[in-house]
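**Student:** Have a look at this one.
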């Protein structure tokens, strides 16, 4: 999922459920075909439990976006996320800002 709003966001975070023991990785890769042979990229596991939970919270916010998020389908086309009618559709960049503001 990428968010196209005030800022372009496509986090380089990988989340694996791992049978209830989540594993998260953070990295720099932009794995587009044009980049595969011209760059050296790095990925690292997230080991700190607090940081891991914060990243899970961030991903949850971004994945709940129903206004500005899109995903790439199996034919590599950008598709806007749609949702059933809701009282208020999540706009994740605003929700994310509030999440961080409350942590201060």
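In the working numbering, the protein residues as written are 381 to 484. Just so you know, even glycine gets a beta-carbon here, dropped at the ideal spot from N, CA and C. In this text the structure is predicted, and so the values were computed from the model without any measurement.
Just reading off the alpha helix (DSSP H) that residue 483 is part of, what are its end residues?
**Tutor:** 472 to 483
**Student:** Does the region 421 to 432 come into contact with the region 445 to 463, if we say contact requires no fewer than three beta-carbon pairs (one atom in each stretch) closer than 8 Å?
**Tutor:** no
**Student:** Identify the continuous alpha helix (DSSP H) that holds residue 383 and give its terminal residues.
**Tutor:** First-last for residue 383: 382 to 384, but that is the beta strand (DSSP E), not the alpha helix (DSSP H).
**Student:** Quick check: the Cα distance between residue 384 and residue 419, rounded to an integer number of angstroms?
**Tutor:** 25 Å
**Student:** According to DSSP, which residues form a beta bridge with residue 404?
**Tutor:** 395 and 426
**Student:** Quick one: using the 10 Å Cβ neighbour count with 16 as the cut-off for buried, is residue 472 buried or exposed?
**Tutor:** buried
**Student:** Going by the CB atoms, is the gap between residue 426 and residue 406 shorter than 8 Å?
**Tutor:** yes
**Student:** Whose C-alpha, out of 477, 403 and 454, is nearest the C-alpha of residue 428?
**Tutor:** 403
**Student:** Could you give the distance in angstroms between the alpha-carbon of residue 483 and the alpha-carbon of residue 459?
**Tutor:** 33 Å
**Student:** Let me confirm a value: residue 470 is counted as buried when at least 16 other C-beta atoms fall within 10 Å, else exposed. Which label applies?
**Tutor:** buried
**Student:** Less than 8 Å between the C-beta atoms of residue 408 and residue 391, yes or no?
**Tutor:** no
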